[in-house]
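Okay, structure first, notes after.
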Amino acid sequence: MSTDPERSGPSGLMALPWLAHLIGRRTIFLAGLAAFAVWPLVFNPYLAYAANLALIYILLAVGLNFIIGFAGQLVFANGALMGIGAYCTGLLMYDGGWPFWLALPAGAILATVIGLLVALPALRLQGLYLALGTVAFTQFALWVFIHWEAVTYGNAGFVLPPVSFEAIGLGKDMGLYYLTLLLVVVFVAMAYRISRSRVGRAFIAVRESEVAAEALAIDLTVYKTVAYGVSALYAGLAGGLFTALLGVVVPESFNLFQIVLQFSMVIIGGLGSIAGAIIGAIALISLQELLRGFQEVQEIAFGALLLLTLLFFPGGIAAALKRWVPGWSETHHQDGGRRP
Amino acid sequence: MLLAYALSSGLTTGALYALVAVGLVLCYRTTGHMNFSHGELFMIGGFLAYTFHVMLGAPYIPSLLLAVLGAFVLGLITDRTVYRPLIHAQPLAMVMATVGFSFLLKGIGRHFWGGQGEVVTFPSPVSPAPVWVLGTPVFPQQLLVIAGVAVCMVLLIAFFQFTRAGKSMQATAENPHAAYLVGMRVERIYALTWGTSAALAGVAAVLMAPLTLLTPDVGFILLLKAFAATILGGLGSMGGAILGGLLLGVLEALAGTYIHSSVQEVSAFVIIMVVLVVRPSGLFGARGLRRV
Numbered sequence: 001m002s003t004d005p006e007r008s009g010p011s012g013l014m015a016l017p018w019l020a021h022l023i024g025r026r027t028i029f030l031a032g033l034a035a036f037a038v039w040p041l042v043f044n045p046y047l048a049y050a051a052n053l054a055l056i057y058i059l060l061a062v063g064l065n066f067i068i069g070f071a072g073q074l075v076f077a078n079g080a081l082m083g084i085g086a087y088c089t090g091l092l093m094y095d096g097g098w099p100f101w102l103a104l105p106a107g108a109i110l111a112t113v114i115g116l117l118v119a120l121p122a123l124r125l126q127g128l129y130l131a132l133g134t135v136a137f138t139q140f141a142l143w144v145f146i147h148w149e150a151v152t153y154g155n156a157g158f159v160l161p162p163v164s165f166e167a168i169g170l171g172k173d174m175g176l177y178y179l180t181l182l183l184v185v186v187f188v189a190m191a192y193r194i195s196r197s198r199v200g201r202a203f204i205a206v207r208e209s210e211v212a213a214e215a216l217a218i219d220l221t222v223y224k225t226v227a228y229g230v231s232a233l234y235a236g237l238a239g240g241l242f243t244a245l246l247g248v249v250v251p252e253s254f255n256l257f258q259i260v261l262q263f264s265m266v267i268i269g270g271l272g273s274i275a276g277a278i279i280g281a282i283a284l285i286s287l288q289e290l291l292r293g294f295q296e297v298q299e300i301a302f303g304a305l306l307l308l309t310l311l312f313f314p315g316g317i318a319a320a321l322k323r324w325v326p327g328w329s330e331t332h333h334q335d336g337g338r339r340p
Numbered sequence: 341m342l343l344a345y346a347l348s349s350g351l352t353t354g355a356l357y358a359l360v361a362v363g364l365v366l367c368y369r370t371t372g373h374m375n376f377s378h379g380e381l382f383m384i385g386g387f388l389a390y391t392f393h394v395m396l397g398a399p400y401i402p403s404l405l406l407a408v409l410g411a412f413v414l415g416l417i418t419d420r421t422v423y424r425p426l427i428h429a430q431p432l433a434m435v436m437a438t439v440g441f442s443f444l445l446k447g448i449g450r451h452f453w454g455g456q457g458e459v460v461t462f463p464s465p466v467s468p469a470p471v472w473v474l475g476t477p478v479f480p481q482q483l484l485v486i487a488g489v490a491v492c493m494v495l496l497i498a499f500f501q502f503t504r505a506g507k508s509m510q511a512t513a514e515n516p517h518a519a520y521l522v523g524m525r526v527e528r529i530y531a532l533t534w535g536t537s538a539a540l541a542g543v544a545a546v547l548m549a550p551l552t553l554l555t556p557d558v559g560f561i562l563l564l565k566a567f568a569a570t571i572l573g574g575l576g577s578m579g580g581a582i583l584g585g586l587l588l589g590v591l592e593a594l595a596g597t598y599i600h601s602s603v604q605e606v607s608a609f610v611i612i613m614v615v616l617v618v619r620p621s622g623l624f625g626a627r628g629l630r631r632v
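Which chain is which? The protein sequence lines are V and S, in order. Each residue of the first sequence is one higher than the last, beginning at 1 in our numbering. Each residue of the second sequence is one higher than the last, beginning at 341 in our numbering.
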């Protein structure tokens, strides 16, 4: 982790000490949570849908951050794992007639299992080899989604029966929204717990130097496998929620653009920063919804944004938070992404 | 008959994969980074040729040269905007920067040359009627592709063997610091490498355009084939990339003919995964993996 020259003197809002007490990370998180909680009550169904999508992407970005931000592994398998969660949840409901509350965890568990299976061969690979191997895995999964028509219904996909929340007296949209919000709160809290635990510190050690980590008796195999599993769990769960939100499962949802979208969230947010991943997810989903229907503009915008972030703001949003928000610490953030 | 047909079409696409893969490896050897926007350089090269040849009605050879020149310039732009600023960054930053650049190019390609799903056809400069070679029908365009790829390879070998720039490029690939110390202008060599690598993708695109359909999404598919070819041949080996490309083309054609046509698309991904797991150094491995 790099040293942080901005921390040394008062700058920005830091010059006003009373503000530092008022604006802390906890306050901002609570304000964000409150905004999300009242959002669907205030705004129209389309904006509620967009916010729900953003919440799902928060899960995806926070999950991806475990593997690339914390553990430093260049893994491109998340699109496929999300797809596996989505297909498993969707097919159990569509063909198996399972209720959503059972199909969702089943999808998340299957994605976790597949993620762990991916880890077995992937553990032998590093850097570029790992990137190429996992890109191939994602394309292979996409091919299976398209061509295993007997199970996945091929290119056309299938339309889900609507998810019902009548048991708790909510409509489909509201029920799904608050379920997603609840899961986001639980899983983001869990991400913070993991990041502060022995496991999280081990991830960072693996990222910074595998040799040094091994010298500190950190079992690379165990901790890398855990990172793959945790990341896959988040992706699979988000995939199931994504299916329920869209009501339809089609293979093209899980193509390369999906991976680039998620990677952009983590990189623009700042590698290794949970808060950055959350803000990155909200920002990029807002941008995507603004540009809805203009595929080429989306591609140009996301490509340029990713490139410009890496070129000019390699620390991402997390670096800006550290600098401008008093009392904000990002202990796991990998500032700069540059070699010392 | 079926076998001969599969082999001839497999060798043709294989030759193209080899050409794209050689460009990718050229860049990888000299700069140490994989260019994830290499496929989009191919796509833009193809569309440039289409613009000059079909839309503006220029003859085939000048269109080819202009398209290759355009790809070369695009390679120089990649060097300036992506590679040079991030030269000391982590591999992750460089991979993601080239991925970002590839999406930028893809969006630009989609904006100028057709929306989603639209494809454009490119007329062949030679007769479409098949000729008979050793009792097998072969399309003249296929012969043109194989001849074109062979010419490129010979030119490339001559470039490395006989020119100062080619030798400097090899020296830089071997040890950039030493090359710098003996007075080579390493930065220029990097720029030349990116340009040459992109130009090779441009040649491949012009040769391939009449055989297939150009779409803004063709680049990523081709990039994965080139990855498969390089991994198969051993990452970092030029000869391996050529053999890997040809082998991939033939394997794909055979799988498509004898198993199922849909298997053709997936064989590249399966090859990447299997080779990386079983023998990461490839068939003609150049470098092993660093072990911790």
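Here a beta-carbon is modelled for each residue, glycine too, at the ideal position from N, C-alpha and C.
Look at the segment 566 to 579 of chain S: the residues with a C-beta under 8 Å from a C-beta of chain V are 567, 568, 571, 575. Between residue 183(V) and the set 310(V), 203(V), 114(V), 236(V), the nearest pair of CA atoms involves 236(V). Per DSSP, the beta bridge partners of residue 158(V) are 249(V).
Residue environment analysis places residue 267(V) among the buried positions, since at least 16 neighbouring C-beta atoms fall within 10 angstroms of its C-beta. For the pair residue 242(V) and residue 53(V), the CB atoms are nearer than the 9 Å cut-off. Collapsing the DSSP output to three states places residue 40(V) in a helix. Residue 476(S): member of the beta strand (DSSP E) spanning 476 to 478, first to last residue. Between the segment 67 to 86 of chain V and the segment 214 to 227 of chain V there are three or more inter-stretch CB-CB distances shorter than 8 Å, so the stretches are counted as touching.
In this structure residue 107(V) is in contact with residue 88(V), their Cβ atoms being roughly 4 Å apart against a cut-off of 8 Å. Excluding five sequence positions before and after residue 124(V), none of the CB atoms of its chain fall closer than 8 Å to its own CB. Burial state of residue 78(V) is buried, judged by a 10 Å Cβ sphere holding 16 or more other Cβ atoms. Straight across, the Cα-Cα distance linking residue 156(V) with residue 217(V) is about 50 Å. Residue pairing by DSSP places residue 471(S) opposite 478(S) in a beta bridge. Here the C-alpha atom of residue 219(V) lies approximately 25 Å from the C-alpha atom of residue 330(V).
Chain S has a Cβ within less than 9 Å of the Cβ of residue 137(V). Collapsing the DSSP output to three states places residue 434(S) in a helix.
When the Cα atoms are used, residue 604(S) and residue 595(S) turn out to be separated by approximately 6 Å. Looking only at 300(V), 171(V), 127(V), the smallest Cα-Cα distance to residue 73(V) is reached by 127(V).
A straight line joining the alpha-carbon of residue 305(V) with that of residue 439(S) spans about 11 Å.
Looking at the backbone, the Cα of residue 400(S) and that of residue 158(V) are separated by about 46 Å.
Between residue 85(V) and residue 111(V), the gap from beta carbon to beta carbon is short of 9 Å.
Contact between residue 414(S) and residue 544(S) is absent: CB atoms are separated by about 14 Å, not below the 8 Å threshold. Between the segment 410 to 424 of chain S and the segment 278 to 292 of chain V there are fewer than three C-beta pairs closer than 8 Å, too few to call the two in contact. The Cβ of residue 232(V) sits no closer than 9 Å to any Cβ of chain S. Taking C-alpha positions only, residue 37(V) is separated from residue 179(V) by approximately 11 Å. 494(S) is the residue among 606(S), 527(S), 494(S) whose C-alpha sits nearest the C-alpha of residue 359(S).
Not flagged as an interface residue toward chain S: residue 60(V), since no C-beta distance is shorter than 9 Å. Taking a cut-off of 8 Å for Cβ pairs, the segment 614 to 623 of chain S and the segment 569 to 586 of chain S touch, as three or more such pairs fall below it.
In this chain, the alpha helix (DSSP H) harbouring residue 204(V) covers 198 to 208. Proximity to residue 394(S) across 550(S), 579(S), 593(S), 564(S) peaks at 550(S), based on C-alpha coordinates. Residue 602(S) reaches chain V at 143, 146, 147, counting residues in chain order whose Cβ is nearer than 9 Å.
Contact of residue 426(S) with chain V by beta-carbon distance below 8 Å involves 310, 311. Interface annotation, residue 585(S): not in contact with chain V, CB-CB separation never under 9 Å.
When DSSP states are grouped into helix, strand and coil, residue 48(V) belongs to the helix group.
For the segment 351 to 384 of chain S, the beta-carbon criterion of a distance under 7 Å to any beta-carbon of chain V is satisfied by 374.
Cβ atoms of residue 379(S) and residue 540(S) stay farther apart than 8 Å, at about 13 Å.
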